[in-house]
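I have placed the structure first, in the form of structure tokens, so that the comments after it can refer back to it.
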Amino acid sequence: MITIDLSTLQPYSPSVLPIITLPFILLYVQAYLLLKYGKQTGPRLVRAALLPVGLWSIGKAWLGYRIMTPKYNIFNFAFGCAAVFYTVLLFSYSLIPTGPHRTHRTTPSLDAAHLICSSRLVGWSSGTPLAPPPYPDLPTDVAEKKFAIDQLKMAAYHYFWSDATMYAFHGLGYRGIGRPQGGSVAQAVGGWIRMMERWGWVREGLSGEKASWERWVLEVGFRWWVGGAMGFAFYQALCLGYHIMAFVGVKFLGNPSSEWPRLMNQPWRSTSLLEFWGKRWHQSQQAFTVPTRLVPKKYRSLVAPFFAFFISAAMHEFGTLTLVGHTSPNWAVAKSFILMACGMTCEILFRRITGKRVQGPVGWVWTWVYFTTATMGLVDTWLTMGIAGGKPIPTPVSLSDQLVEPLRKRYLEKLMG
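Going by the numbering used here, the residue at position 409 of the sequence shown is 879; the numbering climbs one at a time, nothing skipped.
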């Protein structure tokens, strides 16, 4: 287990802005040299020489400071993930002989800026392809305006659901699992069963039994329900952030709408793990495909899942590290991601042996039974560490906090007399 002393970290403030921007400046220089000079010896040596400085700057920017307000701890988690993500890019730009190719090339200076900002590698080789025109029957300028407005509408939709879901976690989470300090999932299960006993939904005494098959079914059901709710919350928050960035990119930065393809594609309809991770869930880590250029081509399809999920495991473990000061006990978070790589590799081998893909109703059952089982350790750990108590939407702009919470407090005061 890796640990850091959170008490020694300084709060983020405007004065640390130069430190936060330094990693991006170094990455930009590396990306520029990679795209403009490729295999040339001199620029390659410069790229390699920037590696230790870049590693120091990433550690300083994202692991040396933190947001101190507990309810916004979720952003510290995001910074920990970002530290690993950009460390991978730093190593990649230092070592690979040639970079990916962009569909619509401009100049190395502009392409380098696009490369370090595009986690999905939209329009780059090995990345997400450019989206088709959203409104081919409309003039380009009219279509772009309509696209930007649609992004605002979708952002409002996901804002509502993200806000409502996290408020439900905060208000209904048993035994502290909806608080920034975290709580015991096992105790939450016991409290849930006792509540059903009082309501007459289950037989009396079930909460005190440890080996009953009925209790086991209820425990698994509770964990699946909570895991699904957490997945729904992540889905809404990611989509909210994405549609806001798409609006800004198209409206103010002049990005074509083709560079903002859909982030999610109905992940609940996945009939295989490969379909879920490769097509329907967000593709925000396509940049991890760049280092696979160091692997012989015929082995890439087998190596890629493990490579991507080892990095994902490290990302989320470092997110956990910045959340509570240590990585997950017994590396529970990392194990969940490695299990995903194992499941995907099994599907690849199944196709090579049988010539058939995992799909259809049987594939859907396989996907979600495997998925929920593999992520139980991750869900338990994150709830215990307080990730469900975070607030991705700050209180001043939260409808739930500004409108619903005062009504709830008034109702409780009235109820208590």
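All residues carry an ideal CB built from backbone N, CA and C; glycine is no exception. As the structure is a prediction and not an experimental result, all values here were calculated from the model.
Rounded C-alpha distance that separates residue i from residue j
| i | j | result |
| --- | --- | --- |
| Y705 | L525 | 30 Å |
| A601 | I472 | 41 Å |
| G550 | P862 | 15 Å |
| L505 | P578 | 6 Å |
| P737 | W751 | 6 Å |
| I781 | I808 | 10 Å |
| G833 | T573 | 34 Å |
| P864 | M715 | 17 Å |
| M619 | A707 | Here the sequence assigns Ile to residue 619, which means Met is not the residue at that position. Cα to Cα, the separation comes out at about 19 Å. |
| V720 | V516 | 34 Å |
| L565 | I490 | 24 Å |
| R514 | P766 | 21 Å |
| F717 | G678 | 53 Å |
| I823 | C812 | 16 Å |
| P611 | F722 | With the sequence shown as reference, residue 611 is identified as Asp, and Pro is not the correct amino acid for it. Taking the straight line from one Cα to the other gives about 13 Å. |
| R821 | P599 | 25 Å |
| Y629 | P567 | 42 Å |
| K768 | G748 | 19 Å |
| T842 | C816 | 17 Å |
| G648 | M636 | 8 Å |
| P540 | Q755 | 28 Å |
| V687 | L744 | 28 Å |
| S485 | L479 | 15 Å |
| M785 | L885 | 46 Å |
| L521 | A778 | 21 Å |
| T576 | P603 | 20 Å |
| D581 | Q510 | 19 Å |
| P876 | S477 | 34 Å |
| A783 | S806 | 8 Å |
| A625 | C709 | 7 Å |
| V839 | M810 | 12 Å |
| G512 | T837 | 48 Å |
| T845 | Y507 | 43 Å |
| K530 | G795 | 16 Å |
| A501 | A583 | 8 Å |
| T696 | T792 | For the record, residue 696 in the displayed sequence is Val; it is not Thr. Whole-angstrom Cα-Cα distance: 23 Å. |
| G569 | V592 | 14 Å |
| G724 | P731 | 15 Å |
| H727 | L676 | Checking the sequence, you will find Ser at residue 727 rather than His. Approximately 56 Å between the Cα atoms of the pair. |
Per DSSP, the bridge partner or partners of residue i
| i | result |
| --- | --- |
| W594 | R572 |
| R536 | P481 |
| T473 | H796 |
Cβ-based burial, residue i [other Cβ within 10 Å; buried from 16]
| i | result |
| --- | --- |
| E674 | exposed |
| C587 | exposed |
| W594 | buried |
| N800 | exposed |
| A858 | buried |
| E729 | buried |
| P493 | buried |
| S742 | buried |
| Q621 | buried |
| Q651 | exposed |
| I495 | exposed |
| A774 | buried |
| M814 | buried |
| P831 | exposed |
| D633 | buried |
| Y556 | buried |
| R880 | exposed |
| H640 | buried |
| P488 | exposed |
| G825 | exposed |
| S740 | buried |
| R590 | buried |
| W532 | buried |
Heavy atom of the ligand GTP within 6 Å of residue i beta-carbon
| i | result |
| --- | --- |
| K884 | For the structure depicted, the ligand GTP is absent and the ligand set is empty, with no information on it obtainable. |
- Can you list, in chain order, the stretches of the alpha helix (DSSP H) that have 4 or more residues and sit fully within the stretch 862 to 887? 875 to 885
- Query: Are the stretch 595 to 607 and the stretch 688 to 701 touching by the rule of at least three beta carbon pairs closer than 8 Å?
  - Reply: no
- Please list the segments of the alpha helix (DSSP H) lying wholly inside the stretch 663 to 743, counting only runs of 4 or more residues, in order along the chain. 683 to 721
- In chain order, each alpha helix (DSSP H) run of at least 4 residues that lies wholly inside the stretch 826 to 859: 830 to 844 and 846 to 855
- Message: If contact is defined by three or more beta carbon pairs under 8 Å, each pair taking one atom from either stretch, is the stretch 844 to 853 in contact with the stretch 644 to 664?
- Response: yes
- Can you check the stretch 501 to 538 for any beta strand (DSSP E) of at least 3 residues that lies completely inside it and give the ranges in chain order? none
- Query: Would you say the stretch 790 to 805 touches the stretch 836 to 851, given that touching needs at least three Cβ pairs under 8 Å?
  - Reply: yes
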